[in-house]
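Residue 161, in this note's numbering, is where the sequence shown stops; the numbers in between run on with no holes.
So the structure is just underneath, and the comments pick up after that.
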Amino acid sequence: MSIFSKQVATAKASAIEAAKNIALKPLLLRNPEVKAAFNTLPAKVRKDAMLALSTYGNVVFISVTMYDLDSFKDKKLTSILERFLDWKTTTNEYTSGLPNKDFRFDKKCHDAKVGDFEISVSVYAYVKSDSPLCRIVVTGVTEEIVRKETKQIVCA
6 MSIFSKQVAT
16 AKASAIEAAK
26 NIALKPLLLR
36 NPEVKAAFNT
46 LPAKVRKDAM
56 LALSTYGNVV
66 FISVTMYDLD
76 SFKDKKLTSI
86 LERFLDWKTT
96 TNEYTSGLPN
106 KDFRFDKKCH
116 DAKVGDFEIS
126 VSVYAYVKSD
136 SPLCRIVVTG
146 VTEEIVRKET
156 KQIVCA
């Protein structure tokens with residue numbers, strides 16, 4: 006068998022294995038832990054929640070966006086956040102436009118047919134622009150000097 010034929014056989018086997026894994030991924034959406042995570046959201050929020058499956062890895066995404074909050078201590082928001090406190094948590098804050106925080110909760114799971122996977126729940130929270138309880142304020146100014154080198158290839 007030629008080197009090329011061996012490479013073709015290896016690539017073909019790899020593609021077949023990848024196709025099998027892709028075919029199994031939708032089973033994650035039926036996993037009891039995914040359903041439990043989705044149903045952890047309050048019914049009023051659940052109807053607007055999004056459910057998605059990663060095309061690159063074994064990740065199930067659940068997301069919800071909340072607008073017109075009085076603050077980030079609004080009971081509508083905190084009642085959801087409290088439900089995921091035992092998950093790995095990350096928060097990002099945005100100060101352009103409306104006061105906005107993204108809360109992300111990740112949990113590693115296992116599925117008998119698909120293997121290890123992750124559930125990622127994101128809550129995108131926006132406070133009202135006229136909220137007396139929460140606003141964006143300038144706390145300082147940072148000046149930066151940017152120095153960039155210009156390079157080229159020189160050959161003899």
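For glycine and all other residues, C-beta sits at the position ideal for the given N, C-alpha and C.
Since the structure is predicted, the reported quantities are computational estimates derived from the model, not experimental observations.
Please state whether DSSP places GLU123 in a helix, a strand or coil. Taking the first residue of the sequence shown as position 1, residue 123 is located at position 118. Strand, per DSSP.
With distance defined between alpha-carbon atoms, name the residue in TYR129, ALA14, SER59 and PRO47 nearest to ILE27. If you number the sequence shown from 1, residue 27 lands on position 22. Considering only alpha carbons, the answer is SER59.
Sufficient close CB pairs (3 or more, under 8 Å) joining the region 143–155 to the region 72–92: no
ALA57 versus ASP79: straight-line alpha-carbon distance, rounded: The residue labelled residue 57 in the question sits at position 52 within the sequence shown. The residue labelled residue 79 in the question sits at position 74 within the sequence shown. ALA57 and ASP79: Cα-Cα distance of roughly 27 Å.
How many Å lie between LEU46 and LYS93 at the Cα? Along the sequence shown, read from residue 1 onward, the residue named residue 46 stands at position 41. Along the sequence shown, read from residue 1 onward, the residue named residue 93 stands at position 88. About 17 Å.
Taking 8 Å as the cut-off, decide whether the C-beta atoms of ASP111 and SER125 are in contact. To locate residue 111, count along the sequence shown from 1; it is residue 106. To locate residue 125, count along the sequence shown from 1; it is residue 120. Going by C-beta atoms, ASP111 is nearer than 8 Å to SER125.
How many Å lie between MET6 and ALA16 at the Cα? Translated into positions along the sequence shown, residue 6 becomes position 1. Translated into positions along the sequence shown, residue 16 becomes position 11. In this structure, the CA atom of MET6 is about 15 Å from the CA atom of ALA16.
Beta-carbon proximity list for GLY62, same chain, < 6 Å, skipping 5 on both sides: Working through the sequence shown from its first residue, we reach residue 62 at position 57. Same-chain partners within the cutoff: there are none.
Taking the alpha carbon of VAL128 as the reference point, which residue from VAL64, PHE77, VAL119 and GLN12 has its own alpha carbon closest? Walking along the sequence shown from the start, residue 128 turns up at place 123. When each option's Cα is compared against that of VAL128, the closest is PHE77.
Throw me the rounded Cβ distance for the VAL65 and LEU34 pair, which I believe falls under 8 Å. Within the sequence shown, residue 65 is the residue found at index 60, counting from 1. Within the sequence shown, residue 34 is the residue found at index 29, counting from 1. Indeed they touch by this definition, with Cβ atoms about 7 Å apart.
When burial is assigned at 16 or more other CB atoms within 10 Å of the CB, is ILE150 buried or exposed? Locating residue 150 in the sequence shown gives position 145, counting from the first residue. It counts as exposed.
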